[in-house]
Amino acid sequence: MINLILFTVLGLALFGSFIFIGLRDSPKGLPDSSAVLAVGQIINLEGSSFANARRLLDDTDYQVLCSNPDLRRLAERLRHDRKQLALTWLSLLQNDLLTLWRFRRFLIQRGVPSSLGEELRTVQALVLSLLLLKCIGLSIRTAGPFALPRATRQAGQLVDSMSKGAALVLGRIPAAGWAEIERSWVKSAA
Amino acid sequence: MVISLLICIAAVVLEVCTLLLLSRRSLWRAYPFLLAYVIWLVVGNSAILVSFISYLRMAPEVRAHSLYPSLYWHSDTLDVVLRFLLVWEIFHQTFPKGSGLNRSLSKGLGITAFLLLVFAGATFWGYQNYTSLRSVHLALDRSFDFVQAVMILGTLVMARYYGVRFGRNVRGVALAFGGWVSISTVNSAMVDLTNSFLPYWYYLRPLSFLVMMVAWIWALWVYEPNPPILESGTAELNQWTEDWNRTVSAARTIIRP
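As you go down the protein sequences, you meet chains A and B in turn. Position one of the first sequence corresponds to residue 7 (our numbering), numbered consecutively onward. Position one of the second sequence corresponds to residue 4 (our numbering), numbered consecutively onward.
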């Protein structure tokens with residue numbers, strides 16, 4: 007009798023524990039790190055691979071040059087060059103975003119499962135990211151490259167999050183099939 | 004009877020769906036023990052369904068000679084044993100062979116698993132369980148269901164403790180299976196505890212089984228295995244060991260100068 011009561015109580019406690027774990031530890035939808043690396047290998051992301059965004063948008067050199075009246079023209083030239091470089095970088099980031107989106111569509115076209123809700127969220131993220139890049143580009147054109155350094159630097163993170171989205175989809179295929187995906191992607195891009 | 008028949012049919016349909024999902028994209032290669040268990044479910048429950056239909060078509064006075072009750076209980080006994088394949092699959096997927104965690108934990112967890120099996124055997128062996136044929140099977144069910152639920156929960160808790168991440172496949176299968184064997188433990192204990200629970204027993208266990216199968220289908224719908232466990236290189240581990248030993252000896256020097 008006692009052991010039956012004990013089994014009932016312990017069984018209920020176990021069931022409660024499974025429910026608790028199920029509700030508490032829901033997966034965050036993070037991609038596998040090997041899938042993230044694979045996406046980086048399959049797609050050449052020129053914009054996000056640029057590591058010196060902080061230096062590009064740092065105005066210390068410009069301020070030093072401006073402090074000397076004889077070097078004002080040189081400072082203006084530096085500002086102009088930096089502006090062009092920042093705009094080129096933003097354009098590369100924009101291309102990265104579009105390439106990642108195309109790659110995602112390519113994977114789904116090849117039968118990798120995805121839900122409509124997930125696709126709509128991706129399109130929404132892409133549109134917002136492109137709009138943000140356009141806004142940053144506009145601010146660089148009008149106010150110069152040093153006006154919004156923090157926001158401009160964070161533009162690279164938009165590509166990172168899009169890249170993780172693509173890695174999440176790629177991770178749904180067994181790793182053995184990634185080489186074949188890479189070959190098909192290169193063929194379709196050519 | 005109609006409800007029982009519908010549950011039997013739904014179970015076989017859901018099991019076939021799970022088998023199809025496993026065969027799609029060669030998912031079975033990643034989960035061979037799960038595949039073996041699902042094949043057993045399809046075969047065993049199809050046989051039970053066929054015998055149940057023939058049982059229903061028999062005249063009430065000859066039903067006592069039907070194959071159905073004996074087949075049901077014997078397949079249930081075999082099922083109790085084969086469920087350990089699933090426990091092994093979940094452990095093996097969470098702590099893959101060759102990983103550092105597997106090397107560190109496998110011995111301790113193996114001893115714990117053995118002790119749990121001894122516990123299950125001891126609780127099953129209790130003579131008060133043998134009052135009727137039904138009680139023997141119920142005792143077998145609750146003892147081993149309980150132990151299997153503890154093994155699954157232990158694996159999940161250990162994985163959480165060491166920060167091992169789960170993919171949707173293993174997580175869904177483990178949680179649904181753990182939930183079902185927990186309910187089954189409670190169910191088979193309650194039936195022996197009070198006969199008034201008997202009418203519910205006929206539906207609660209199979210219905211919770213159907214819920215488990217639906218959860219498995221959801222879990223296996225996309226291929227999402229556990230992410231690989233990232234391990235440090237030998238040089239880095241040696242450096243950590245050296246640092247750790249230096250810290251311990253420094254602490255000893257401070258405590259006992």
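Don't be surprised by glycine CBs; every beta carbon is placed ideally from N, CA and C.
Q) Taking the C-alpha atoms as reference points, what is the distance between A:K193 and A:F24? A) Sequence index remark: in the first sequence, residue 193 of chain A carries index 187 (1-based). Sequence index remark: in the first sequence, residue 24 of chain A carries index 18 (1-based). Straight-line Cα distance between these residues: approximately 47 Å.
- Query: In three-state terms, what does DSSP make of B:F202?
  - Reply: By 1-based counting over the second sequence, the position of residue 202 of chain B is 199. Here residue 202 of chain B turns out to be Pro, not Phe, going by the sequence shown. Looking at B:P202 - three-state DSSP - the assignment turns out to be helix.
With a 10 Å radius around its C-beta and 16 neighbouring C-beta atoms as the bar for buried, classify B:Q96 as buried or exposed. Counting from one through the second sequence, the residue named residue 96 of chain B turns up at place 93. By the neighbour-count rule (16 or more Cβ atoms within 10 Å), B:Q96 is buried.
Problem - A:R110 versus A:D76, A:I8, A:R88 and A:A41, residue with shortest Cα-Cα distance - result: For this step, residue 110 of chain A is matched to residue 104 along the first sequence. Of the listed residues, the one whose Cα sits closest to A:R110 is A:A41.
CA nearest to the CA of B:R171, picked from B:W91, B:V121 and B:I220: What you label residue 171 of chain B is simply residue 168 of the second sequence in a count that begins at 1. Closest by alpha carbon: B:I220.
Compute the Euclidean distance between the alpha carbons of B:V176 and B:M154, then round it to the nearest angstrom.
Here the question's residue 176 of chain B lines up with position 173 in the second sequence. Here the question's residue 154 of chain B lines up with position 151 in the second sequence. Cα to Cα, the separation comes out at about 14 Å.
### Message
Against A:R178, what residues of chain B qualify as contacts under a CB-to-CB distance less than 8 Å, listed in chain order?
### Response
Taking the first residue of the first sequence as 1, we reach residue 178 of chain A at position 172. In chain order: V225, Y226 and E227.
* Any C-beta of chain A sitting closer than 8 Å to the C-beta of B:V189? -> The count along the second sequence starts at 1 and reaches residue 189 of chain B at position 186. Closer than 8 Å: yes.
- Task: Return yes when the Cβ of A:V45 is within less than 8 Å of the Cβ of A:S167, no when it is not.
- Result: As a position in the first sequence, residue 167 of chain A is number 161, starting the count at 1. As a position in the first sequence, residue 45 of chain A is number 39, starting the count at 1. Cβ atoms of A:S167 and A:V45: not closer than 8 Å.
- Whole alpha helix (DSSP H) runs in the region 148-175 of chain A with 4 or more residues, listed along the chain? 155-159
- Task: Using a Cβ cut-off of 8 Å (strictly closer), state whether B:A152 contacts chain A.
- Result: For the purposes of this step, residue 152 of chain B is identified with residue 149 of the second sequence, where counting begins at 1. Taking Cβ atoms only, chain A reaches closer than 8 Å to B:A152, which makes this a yes.
Rounded to whole angstroms, what's the CA-CA distance from B:L262 to B:F87? Just pull it up for me.
-> In the structure displayed, chain B extends from 4 to 260; residue 262 of chain B sits before or after that span and is not available.
Note to self: I need the boundaries of the alpha helix (DSSP H) containing B:R174, first residue and last residue.
What the structure shows: Taking the first residue of the second sequence as position 1, residue 174 of chain B is located at position 171. Run containing B:R174: R171 to L196, per the alpha helix (DSSP H) assignment.
Ignore the nearest five residues each way along the sequence and tell me which others in A:D65's own chain have a CB closer than 6 Å to its CB.
In the first sequence, the residue the question calls residue 65 of chain A occupies position 59. Here the set comprises F152.
> Interface residues of chain B around A:I27 at Cβ under 7 Å?
Replying inline: Here residue 27 of chain A corresponds to residue number 21 of the first sequence, with the count starting at 1. Those are L159 and L178, listed as they occur along chain B.
Simplified DSSP assignment, three categories, for B:L70: On the second sequence, position 67 is the one that residue 70 of chain B refers to. The answer is coil: DSSP assigns B:L70 none of H, G, I, E or B.
Hey, how far is the Cα of B:N229 from the Cα of B:L70?
-> Counted from its first residue, the second sequence places residue 229 of chain B at position 226. Counted from its first residue, the second sequence places residue 70 of chain B at position 67. Their backbone Cα atoms lie some 43 Å apart in a straight line.
So with Cβ pairs under 8 Å, would you call B:A125 a contact of chain A?
Counting from 1 along the second sequence, the entry for residue 125 of chain B is found at position 122. Taking Cβ atoms only, chain A never reaches closer than 8 Å to B:A125, which makes this a no.
| task | If I'm right that B:V173 touches B:I93 with Cβ under 8 Å, what's the distance once you round it to whole angstroms? | result | Translated into positions along the second sequence, residue 173 of chain B becomes position 170. Translated into positions along the second sequence, residue 93 of chain B becomes position 90. Their Cβ separation, rounded to whole angstroms, is 6 Å, which keeps B:V173 and B:I93 in contact under 8 Å.
- Query: Nearest chain B C-beta to A:G203 closer than 8 Å, yes or no?
  - Reply: As displayed, chain A neither begins before 7 nor continues past 196, which places residue 203 of chain A out of reach and without an answer.
Would you tell me roughly how many angstroms separate the C-alpha atoms of B:E18 and B:L25, rounded to the nearest one? On the second sequence, position 15 is the one that residue 18 of chain B refers to. On the second sequence, position 22 is the one that residue 25 of chain B refers to. Rounded to whole angstroms, B:E18 to B:L25 spans 11 Å at the Cα level.
With 7 Å as the C-beta to C-beta threshold (strictly closer), list the residues of the region 126-152 of chain A near chain B in chain order. none
Q) Which residues, taken in chain order from the region 191-206 of chain B, show a beta carbon closer than 7 Å to some beta carbon of chain A? A) A192, M193, D195 and L196
> Considering only the beta carbon of each residue, do B:L23 and B:W31 sit closer than 8 Å?
Replying inline: Position 20 of the second sequence, counted from the start, is the residue given in the question as residue 23 of chain B. Position 28 of the second sequence, counted from the start, is the residue given in the question as residue 31 of chain B. Result no, Cβ atoms of B:L23 and B:W31 do not sit closer than 8 Å.
By how many angstroms is the C-alpha of B:V53 removed from the C-alpha of B:L59?
-> In the second sequence, the residue the question calls residue 59 of chain B occupies position 56. In the second sequence, the residue the question calls residue 53 of chain B occupies position 50. The straight-line gap from Cα to Cα measures roughly 10 Å.
If the criterion is Cβ atoms closer than 8 Å, does the pair B:V167 and A:F21 meet it? For this step, residue 167 of chain B is matched to residue 164 along the second sequence. For this step, residue 21 of chain A is matched to residue 15 along the first sequence. No.
**Prompt:** Does the beta-carbon distance from B:S78 to B:I42 come in below 8 Å?
**Reply:** Translated into the one-based positions of the second sequence, residue 78 of chain B becomes position 75. Translated into the one-based positions of the second sequence, residue 42 of chain B becomes position 39. Contact flag unset, no.
Can you give, in chain order, each stretch of the alpha helix (DSSP H) that sits fully within the region 141-166 of chain B and has at least 4 residues?
none
**Report entry** Exposure of B:M215, with buried meaning 16 or more beta-carbon neighbours within 10 Å
**Finding:** Start at 1 with the first residue of the second sequence, and residue 215 of chain B comes out as number 212. Counting Cβ neighbours within 10 Å, B:M215 comes out buried, since at least 16 surround it.
Per the contact definition of three or more C-beta pairs closer than 8 Å, is the region 81-90 of chain A in contact with the region 130-138 of chain A?
no
| task | Using alpha carbons as the reference points, say which of B:P202, B:L210 and B:L159 lies closest to A:R30. | result | Sequence index remark: in the first sequence, residue 30 of chain A carries index 24 (1-based). Nearest option by C-alpha distance: B:L159.
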